[in-house]
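Asker:
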Amino acid sequence: MSLPEAVWYQARCAPARVAIERMHEADGAPEQVAYGALAAAVAAVAIEVESAFAGRGGPRKVGLIAANSPEWVTADLALQLGGATEIPIPLGFSFEQAGSMIQHADLVLVDRTGAQALAHWRSLGLAYDRPTLDITRIAAHPPGAAVVTDVWGRMLGQRSADVDFIAKIIHTSGTTSRPKGVRIRASALAIQTGALSALVGPEGVARYLSLVPLSLLIEQLCAIHLPLSNGGTVVLLPKSVAPFTGG
């Protein structure tokens with residue numbers, strides 16, 4: 001079962017189960033997103049991405065610039081559901097590094113933090129004039145239940161016809177030089193997720209605390225694929241706490 005299939009299964013069978021939890025600040029309660037709400041937000045983003053590429057053939061390459069947030073997880077799932085190729089761009093990149101990755105994207109998804117990073121890179125000389133979509137705005141206005149069901153059913157059907165598309169282009173060696181894009185197939189993600197699930201066991205995937213940036217492939221596998229493929233919960237740090245990046 002692919003990650004989108006697993007999430008859709010949980011959204012139908014246990015819609016109130018918590019999929020994403022962002023730890024609370026000192027004086028507040030944690031922010032929680034249930035599987036049902038997540039599926040609706042994913043459908044909303046998937047519709048917008050599909051519309052942006054309407055009438056265009058060839059692969060759909062989409063940049064993702066966002067903080068570790070429910071929006072990051074939502075966008076990641078929406079791109080996988082729609083069969084698009086995701087290009088995660090780390091927030092810590094210089095504008096030269098960001099430019100070497102973003103030039104391959106025909107569309108970019110951002111949250112508020114991602115929009116600020118993109119604006120900063122542009123102020124330093126990054127040239128990028130292709131469309132940008134605001135994940136937060138789109139996810140805040142999900143479609144009705146009938147549309148959500150239709151979108152998931154239709155896109156899962158389309159995805160099954162191309163089970164081995166290039167799901168991600170991941171940067172590597174980007175901390176000290178020009179990043180190199182490594183193409184990751186959807187089947188490779190499924191194989192790795194299955195192997196991790198078997199190794200960790202059901203109790204180990206119930207809750208996963210994400211401590212490093214989701215732009216890293218290993219964290220996408222461990223923090224998103226592993227728990228959500230098994231009906232677990234992704235736990236994110238509070239907004240005020242930045243992910244660990246070394247040093």
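Residue numbers for the sequence shown, in the working numbering: 1 to 247. The beta carbon of each residue, even a glycine, is placed where N, CA and C say it ideally should be.
1. I'd like to know if the segment 7 to 15 and the segment 57 to 73 are in contact, where contact means that at least 3 CB-CB pairs between them fall below 8 Å.
2. Starting from residue 193 and walking both ways along the alpha helix (DSSP H), at which residues does that stretch end?
3. State the Cα-Cα distance for the pair residue 209 and residue 115, rounded to the nearest angstrom.
4. Based on the DSSP secondary-structure assignment, which residues constitute the bridge partners of residue 86?
5. Can you check which of these residues, 97, 105, 95, 44, is closest to residue 63 by C-alpha distance?
6. So what does DSSP say about residue 25, is it helix, strand or coil?
7. Would you check if the distance between the CB atom of residue 229 and the CB atom of residue 193 is smaller than 7 Å?
8. Does DSSP classify residue 79 as helix, strand or coil?
9. Just verifying my parser: in three-state terms, what is the DSSP assignment at residue 245?
10. May I ask you to list the residues that DSSP assigns as paired with residue 132?
11. Please tell me whether residue 165 and residue 83 are closer than 7 Å, where the distance is taken between their beta carbons.
12. Relative to the C-alpha of residue 88, which candidate in 72, 52, 45, 239 has its C-alpha closest?
13. Secondary structure at residue 32, three-state DSSP: helix, strand or coil?
14. What are the residues that DSSP puts in a beta bridge with residue 239?
15. Taking 7 Å as the CB-CB limit, is residue 151 close to chain B?
16. Let's test the definition: count the other Cβ atoms within 10 Å of the Cβ of residue 158 and tell me whether it reaches 16, buried, or not, exposed.
17. When DSSP labels each residue in this structure, what does residue 19 get in the three-state scheme?
18. Taking all protein chains shown into account, do 16 or more other C-beta atoms lie within 10 angstroms of the C-beta of residue 74, making it buried, or fewer, making it exposed?
Answerer: The answer reads as follows:
1. no
2. 186 to 200
3. 25 Å
4. 62, 168
5. 105
6. coil
7. yes
8. helix
9. coil
10. 108
11. yes
12. 72
13. strand
14. Note: residue 239 sits in no beta bridge, so no partner.
15. The structure shown has no chain B; it contains just one protein chain.
16. exposed
17. strand
18. buried
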